[in-house]
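Following: one structure in structure tokens, then a few remarks.
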Ligand SMILES: [Zn+2]
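Residue numbers (our numbering): 11 to 127.
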């Protein structure tokens with residue numbers, strides 16, 4: 011899962027930022043506020059909109075996902091853990107970021123569809 015954690019630091023007589031995803035603008039700016047603006051728009055561009063559960067459930071060893079998207083990683087993890095418990099073929103699980111809008115949520119130990127998508 012690619013994470014985006016911004017670090018702002020002094021660079022070349024001004025401020026620059028670097029994201030944990032590796033992205034880093036070449037320019038620096040003397041006003042920290044401007045650099046914070048760049049960092050914010052970077053985050054907005056890359057922000058995951060939802061979290062998708064994926065499992066390995068056959069001998070291919072490849073992760074397979076469905077169309078279920080949760081608004082938080084915690085919910086997707088709860089879902090996929092539950093799935094792995096009930097589906098004995100599952101050998102591995104993971105949660106990946108997705109840019110799809112969330113369409114399910116995890117409530118009281120089960121999942122329900124979000125209608126107003
Ligand atoms: Zn990033």
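Glycine included, C-beta positions come from ideal geometry on N, C-alpha and C.
Nothing here was measured: the structure is a model prediction, and the numbers come from that model.
Quiz item: How is the beta strand (DSSP E) around residue 54 delimited, first residue to last?
Solution: Run containing residue 54: none in the beta strand (DSSP E); it sits in the alpha helix (DSSP H), 42-56.
Quiz item: Do residue 33 and ligand 1 come close, with the Cβ less than 7 angstroms from some heavy atom?
Solution: Residue 33 Cβ: within cutoff of ligand 1.
Quiz item: Would you say the stretch 18-25 touches the stretch 37-48, given that touching needs at least three Cβ pairs under 8 angstroms?
Solution: Contact between the stretch 18-25 and the stretch 37-48 is present, because at least three Cβ pairs lie under 8 angstroms.
Quiz item: Can you find at least 3 beta carbon pairs, one from the stretch 27-37 and one from the stretch 83-98, that sit closer than 8 angstroms?
Solution: Verdict: no, contact absent.
Quiz item: Buried or exposed: which applies to residue 114, given that a residue is buried once 16 or more other Cβ atoms fall within 10 Å of its Cβ?
Solution: Per the 10 Å Cβ criterion, buried.
Exercise. Please state whether DSSP places residue 107 in a helix, a strand or coil.
Key: Note: residue 107 maps to strand in three-state DSSP.
Self-check item: residue 56 Cβ short of 7 angstroms to ligand 1 heavy atom set
Solution: Flag set: Cβ of residue 56 near ligand 1.
Quiz item: Thinking C-beta only, is residue 58 closer than 8 angstroms to residue 107?
Solution: The answer is yes: Cβ separation under 8 angstroms.
Exercise. Count the other C-beta atoms from every protein chain shown that fall within 10 angstroms of the C-beta of residue 129, then say buried if there are 16 or more, exposed otherwise.
Key: There is simply no residue 129 to check, as the chain begins at 11 and stops at 127 in what is shown.
Quiz item: Out of curiosity, what's the CA-to-CA distance linking residue 90 and residue 119?
Solution: About 12 angstroms.
Practice problem: Count the other C-beta atoms from every protein chain shown that fall within 10 angstroms of the C-beta of residue 116, then say buried if there are 16 or more, exposed otherwise. | Solution: Under the 10 Å beta carbon count, residue 116 is surrounded by 16 or more other beta carbons and is classified as buried.
Quiz item: Can you tell me the Cα-Cα spacing of residue 53 and residue 103, whole angstroms?
Solution: Straight-line Cα distance between these residues: approximately 27 angstroms.
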